[in-house]
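Okay, so the sequence shown: first residue is 1 according to UniProt numbering, each after it adds one. Heads up: the structure comes next, in structure tokens.
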Amino acid sequence: MSQTLVLLKKGNKSALLAAVVNTVIAIIKGVAYLFTGNVAMFAETMHSLGDAANQFFVFIGSALSKKSPTDRFPSGFGRLVHLVLLGAVLIVGIMSYETIIEGYHHIIDPVKSEGFLLVIMVLGAAVVLEAFVLYKAMKELVHEAGIEAKGFAIIPKSLANFKSGKPATRLVFMEDTVATLGGLLALIAVIISRYTPFHQAEGIASIIIGIMMFFVVGKVFLDNAAGVLGEADEYMEQKIGEMAIADPGVKDIQEVTVIKEGEDLHVELEIEIDPALTIAEADDIKDRLEQRIMAEKGVTEVTIEFDEDDGVRTWSNQKDIDLVREGKARE
């Protein structure tokens, strides 16, 4: 039990905060929907319920992924967070479907909603709370990228360094971006329905919110499917390769592989050295490289293999344009 509590303390704090806030929001929206029958409020209730469940599972998954390797699972549990996220998006997918269907029914048979002031107050409060959680997620993205920013500067910095964030933080960011925009859209639709004969506006808003939720489902699914399979970090491969080739004892690099294991990076490096070097000299090269590579953010394991220099240059310092851009964004 104590080990579980220790792991939970290491869980993604943005996901936990988002789960708690969205649970409160979902309850408030659900009560408002029962009193008013407002279809836009129904869409927002389903949205918040899906987000709360999703983010709670994300928090649990991010915590359990920190579990130390065992004899049965020697590679550790880093990819567990990706598996949990794949399961979590199914919840959002179901909520998205229900939201779209309810919106469609309201467009076909529009009904004027009651409790206008209650709906406006609840949606307004929800937007403020969602925006607060979104801002927290942005701060976390900037922190995980190792960048300092304050105030409104956090917004562009978080967008530029989105890929550098942890999977759980990226999910919270996407979900709360959609949630904030969805709340604003619902507010607009309710006002239009109140002051014009166009009562279908709430149904249209519900469908748009459902489609935005599906977008998050698709994005999260693709990102985490790659994570489960073992996605390579091409930027870090280039960076570590250049770090290794700069060492005076390294003649060439045959291969460098950096695999993402959840939030951790596992590095495998095969280098060529002068065959005339002694074992002690080769060991010094290995120690230097391991120390430098382990100092990189996220790297938890380094495996270095040696081969004799064949006189043929394999490694190229030419960077791909996309990798250069990604590197600048991270820095």
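The beta-carbon is built from N, C-alpha and C at its ideal position, and this holds for glycine as well.
Can you tell which of the options has its C-alpha closest to the C-alpha of residue i?
i: Gly241; options: Glu231, Glu270, Ala18; result: Glu270
i: Gly249; options: Ala232, Asp284, Gly227, Gly230; result: Asp284
i: Lys9; options: Ala32, Leu64, Asn54, Lys297; result: Leu64
i: Phe57; options: Leu90, Leu34, Lys29, Met95; result: Leu90
i: Val287; options: Ile304, Glu296, Glu272; result: Correcting the residue type first, residue 287 is Asp in the shown sequence and not Val. The residue with the shortest Cα to Cα distance from Asp287 is Ile304.
i: Met138; options: Gly151, Val127, Ala126; result: Gly151
i: Met121; options: Ile191, Ser68, Ser62; result: Ile191
i: His266; options: Pro156, Glu296, Asp252; result: Glu296
i: Pro110; options: Ala201, Thr177, Gly227, Ala145; result: Ala201
i: Gly11; options: Lys166, Leu117, Ile60, Ile25; result: Ile60
i: Glu144; options: Ala205, Ala131, Ala168, Phe132; result: Ala168
i: Ala88; options: Thr70, Met213, Gly165, Asp233; result: Met213
i: His47; options: Ser62, Asp233, Val216, Leu159; result: Val216
Helix, strand or coil for residue i, going by three-state DSSP, please let me know.
i: Val267; result: strand
i: Glu98; result: helix
i: Val111; result: coil
i: Glu234; result: helix
i: Glu281; result: helix
i: Lys319; result: For Lys319, the pLDDT reaches just 47, beneath the cut-off of 50, and the residue's location in the model is therefore unreliable, leaving the point undetermined.
i: Glu308; result: strand
i: Ile188; result: helix
i: Asn12; result: coil
i: Ala246; result: coil
i: Asp71; result: coil
i: Gly78; result: coil
i: Pro197; result: coil
i: Lys286; result: helix
i: Thr314; result: coil
i: Ala168; result: helix
i: Asn224; result: helix
i: Lys150; result: coil
i: Lys139; result: helix
i: Lys66; result: coil
Is the beta carbon of residue i sitting closer than 7 Å to the one on residue j?
i: Leu187; j: Leu123; result: yes
i: Arg292; j: Met236; result: no
i: Thr45; j: Lys67; result: no
i: Ala18; j: Val172; result: yes
i: Asp309; j: Glu255; result: no
i: Ile207; j: Gly50; result: no
i: Gly210; j: Ser96; result: yes
i: Asn54; j: Val92; result: yes
i: Leu185; j: Val127; result: no
i: Thr196; j: Gly115; result: no
i: Asn161; j: Leu141; result: yes
i: Gly78; j: Glu261; result: yes
i: Ile147; j: Lys136; result: no
i: Asn22; j: Val119; result: no
i: Ala43; j: Thr99; result: yes
i: Ala189; j: Ala32; result: no
i: Asn247; j: Arg313; result: Inspection of the sequence shows that residue 247 is occupied by Asp rather than by Asn. Cβ distance not < 7 Å, so Asp247 and Arg313 don't count as in contact.
i: Leu86; j: Asn224; result: yes
i: Thr257; j: Glu268; result: yes
i: Gly230; j: Ile204; result: no
i: Thr180; j: Ala149; result: no
i: Val220; j: His82; result: no
Could you pull the DSSP bridge partners for residue i from this structure?
i: residue 344; result: Look at the range of the chain in this structure, 1 to 331, and you will see that residue 344 is not part of it.
i: Glu261; result: Asp264
i: Val299; result: Leu265
i: Ile253; result: Ile271
Using a Cβ cut-off of 7 Å (strictly closer), state whether residue i contacts chain B.
i: Asp264; result: Going by chain labels, chain B is absent from the structure shown, which holds only one protein chain.
**OP:** Would you list, in sequence order, the uninterrupted beta strand (DSSP E) runs of no fewer than 3 residues that lie entirely inside the stretch 15 to 60?
**Re:** Along the length of the stretch 15 to 60, whole beta strand (DSSP E) runs at least 3 residues long do not occur.
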